[in-house]
């Protein structure tokens, strides 16, 4: 993880999403308990739980 700030500009692309069609069902689909998913048993739209992975890293 970088410790220096990155300047973001309006219209700048900062992410990418790739989708692939599977030739057979996934062995462990998204949300599978095998991966320790936090979204098990959700009903309807669920807010992100990514904050649970947030760790503060001290900058010297």
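Residue numbers (the numbering used here): 805 to 864.
Backbone N, C-alpha and C fix where the C-beta goes; we use that ideal spot for every residue, glycine too.
Everything numeric in this text was worked out from a predicted model, so none of it was measured.
Check, Outcome
"Can you list, in chain order, the residues of its chain whose CB lies under 8 Å from that of residue 852, leaving out five sequence neighbours each side?", "none"
"For a cutoff of 7 Å on Cβ pairs, would you count residue 848 as touching chain B?", "The chain labelled as chain B is not found in the depicted structure, where only one protein chain is given."
"Can you tell me whether residue 834 is helix, strand or coil according to DSSP?", "coil"
"Are residue 844 and residue 837 closer than 7 Å when you measure CB to CB?", "yes"
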